[in-house]
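Q: All residue numbers for the sequence shown refer to UniProt numbering, where the first residue is 1 and numbers rise by one.
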Amino acid sequence: MATRTDNRERKSSNRSSNSRNGERSAFSFGSAGTSGGTAPLLGALAAGAAIGIGANWARKFLMQKSESISAGNEWDEILKLEHRATLAKFDMLLATDDSDTGKRASLVKTIHYALNKHAHQEEQVVYPALRQANETVDADHLEHEHGYVKTFLYELENMEKDAPEFLSRVREFRNLIEEHARMEEEQVFPRFKQAMSPEQDKKITMLMNKEGMKML
Ligand SMILES: [Fe+2]
Ligand SMILES: [Fe+2]
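1) Mind listing which residues have their beta carbon within less than 6 Å of any non-hydrogen atom of ligand 2? Chain order is fine.
2) How is residue 206 classed by DSSP in three states: helix, strand or coil?
3) For residue 220, does the three-state DSSP call read helix, strand or coil?
4) What is the residue span of the alpha helix (DSSP H) that residue 140 lies within?
5) How is the alpha helix (DSSP H) around residue 181 delimited, first residue to last?
6) Relative to the alpha-carbon of residue 173, which residue among 147, 204, 81, 63 has its alpha-carbon at the smallest distance?
7) Hey, out of 189, 214, 162, whose CA is closest to residue 136's CA?
8) Does the distance between the C-beta of residue 146 and the nearest non-hydrogen atom of ligand 1 fall short of 8 Å?
9) Which term fits residue 102, buried or exposed, when burial requires 16 or more other beta carbons within 10 angstroms of its beta carbon?
10) Do residue 181 and residue 83 have their CB atoms nearer than 9 Å?
11) Around the C-beta of residue 195, are 16 or more other C-beta atoms found within 10 angstroms, so that it is buried, or is it exposed?
12) Please report the Cβ distance between residue 125 and residue 211, rounded to the nearest whole angstrom; I am assuming they are in contact, meaning their Cβ atoms lie under 8 Å.
13) Does at least one heavy atom of ligand 1 sit under 8 Å from the Cβ of residue 167?
14) Alpha carbon to alpha carbon, how far is residue 100 from residue 162? Give it in angstroms, no decimals.
15) Can you give me the start and stop residues for the alpha helix (DSSP H) that residue 114 sits inside?
16) Hey, residue 108 and residue 93: beta-carbon distance below 9 Å or not?
17) Just to confirm the assignment, what range does the alpha helix (DSSP H) spanning residue 193 have?
18) Are the CB atoms of residue 153 and residue 169 nearer to each other than 9 Å?
19) Using only the alpha-carbon positions, how far apart do residue 208 and residue 121 sit?
20) Can you tell which of 129, 145, 176 has its C-alpha closest to the C-alpha of residue 200?
21) Taking the straight line between their C-alpha atoms, what separation do you get for residue 164 and residue 151?
22) At which residues does the alpha helix (DSSP H) containing residue 132 begin and terminate?
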């Protein structure tokens with residue numbers, strides 16, 4: 001009876017015999033067959049990609065930097081600023097009516113994007129640092145609430161934007177975000193910040209900005 005391992009071995013030996021016969025795979029850039037005419041084209045593509053990546057990185061850097069500067073270059077102030085900005089988007093959403101379905105869809109997308117970036121920064125840097133500082137209970141509680149934030153986002157993204165219950169769900173979601181932000185801003189973050197050295201404080205800001213850039 002042929003086993004899966006036998007099949008794998010056969011496929012692998014077919015691949016190597018194909019390359020021995022000079023057949024090129026779609027991934028065989030740089031092999032003998034691509035020399036000559038296509039090499040300058042590949043070089044130009046690589047250079048173009050490098051410029052594109054550079055420009056994209058610069059854009060992300062400037063976006064994160066401007067947010068960081070307006071928040072005074074402090075991780076907790078940056079997060080506070082993001083809380084305010086997101087709650088303001090919720091207020092815009094609550095001011096819509098059932099005929100504004102396009103505006104609702106676009107605001108839900110904006111909120112989704114903002115909350116994803118925000119949660120990523122907290123979950124990759126701030127909450128792990130909290131756990132290291134023995135604030136595990138609060139870190140776990142906050143991360144658990146992020147799970148419900150994702151559930152609400154899923155619901156709003158997939159709900160008809162003129163559904164009769166749309167605004168009441170948005171209001172519930174806004175309340176959850178506001179309470180969560182209040183706990184971070186008034187209890188957890190100030191206590192954590194007070195206990196850390198200026199070096200740790202700077203390091204968390206630097207690490208958080210780095211993670212934030214990945215989500216821009
Ligand atoms: Fe949070
Ligand atoms: Fe937060």
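All C-beta atoms, glycine included, are put in the ideal place defined by N, C-alpha and C.
A: On the basis of the data shown:
1) For ligand 2, the selected residues are 79, 83, 118, 122, 181, 184.
2) Helix.
3) Any property of residue 220 remains undetermined from this structure, which presents the chain solely from 1 to 216.
4) 136-158 is the extent of the alpha helix (DSSP H) around residue 140.
5) It spans 166-182 - the alpha helix (DSSP H) in which residue 181 sits, taken as one unbroken run.
6) Of 147, 204, 81, 63, the residue nearest in Cα terms is 147.
7) Checking every option, the nearest Cα to that of residue 136 belongs to 189.
8) For residue 146, the shortest C-beta to heavy atom distance toward ligand 1 is below 8 Å.
9) Looking at its Cβ environment, which holds fewer than 16 other Cβ atoms inside 10 Å, residue 102 is exposed.
10) In contact: residue 181 and residue 83 (Cβ atoms closer than 9 Å).
11) Exposed, by the Cβ-count rule.
12) Indeed, because the Cβ distance is near 6 Å, the residues count as touching under 8 Å.
13) Result no, Cβ not under 8 Å from ligand 1.
14) Just so you know, the alpha carbons of residue 162 and residue 100 end up roughly 8 Å apart.
15) That run of the alpha helix (DSSP H) goes 101-121.
16) Going by beta carbons, residue 108 and residue 93 fall inside the 9 Å limit.
17) For residue 193, the enclosing alpha helix (DSSP H) begins and ends at 189-195.
18) No, the Cβ-Cβ distance between residue 153 and residue 169 is not below 9 Å.
19) Straight-line Cα distance between these residues: approximately 5 Å.
20) Answer by Cα proximity: 129.
21) Residue 164 and residue 151: Cα-Cα distance of roughly 19 Å.
22) Counting along the chain, the alpha helix (DSSP H) containing residue 132 begins and ends at 127-132.
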